[in-house]
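So in the numbering used here the end of the sequence shown lands on 191, straight run, no missing numbers. C-beta: ideal position from N, C-alpha, C; glycine also. All values derive from a computational prediction rather than experimental measurement.
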Amino acid sequence: MTEGEKLHAEQRRKFWRNLMIVGAFGAPLGFGVGFGFGKSRGDFDAFWTMVPQWLVVALVALSVGGLLYGSWRFYRSIDEIELVDNLWSSVAAYAAYAVIFPAWWALGKAKVTPEPNDWAIYLAALVIGLAAYGKRKWDAR
């Protein structure tokens, strides 16, 4: 095994280890929220009001902290090419959000469309970011 192959193998090992660590924390959290949502018969508002507020704050803090920690670990374990691919997709997602929201907001104020839907814009930005990432990976193959 060459030196480059050893470095690549170590890098992949770090990547998968970090993914497993984040998954070990995220999976139970996601399962718990999903289970509670199911118990509330699909009423999302009822679910969040039946949970004590301190627990909601703790879950949100744990989620945000886990996301930040996982992102930090992820970016420390990837190479320059993967970093550039992620930066391109992040720029595409940000540009989509920066264009879609003000355009929809202006159209909403003019009563051409309903008020902007935050979740639709968020989802559109995620899809555009994933598409940009996928295109970078497709072009690099």
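query                                                                                                                                                                 : result
Helix, strand or coil for residue 167? Go by DSSP, reduced to three states.                                                                                           : coil
I need the boundaries of the alpha helix (DSSP H) containing residue 100, first residue and last residue.                                                             : 94-100
Could you spell out where the alpha helix (DSSP H) holding residue 51 opens and where it closes?                                                                      : First-last for residue 51: undefined, no H or E at that position.
Count the other CB atoms, across all protein chains shown, that sit within 10 Å of the CB of residue 93; report buried if there are 16 or more and exposed otherwise. : exposed
Find out if the Cβ-Cβ distance for the pair residue 179, residue 127 is shorter than 9 Å.                                                                             : no
Hey, how far is the Cα of residue 185 from the Cα of residue 156?                                                                                                     : 31 Å
Determine the DSSP secondary structure at residue 221, reduced to helix, strand or coil.                                                                              : Past the edges of the chain, shown from 51 to 191, lies residue 221, and the structure says nothing about it.
Here's a check: name, in chain order, each residue in its chain whose Cβ is nearer than 8 Å to the Cβ of residue 169, leaving out the five neighbours to either side. : none
Pair every Cβ in the region 142-154 with every Cβ in the region 86-103, then say whether three or more of these pairs are closer than 8 Å.                            : no
So residue 159 is in the alpha helix (DSSP H); what residue range does that whole segment cover?                                                                      : 130-159
Going by beta-carbon coordinates alone, are residue 135 and residue 172 separated by less than 9 Å?                                                                   : no
Going by alpha carbons, who is nearest to residue 175 out of 144, 119, 113 and 56?                                                                                    : 144
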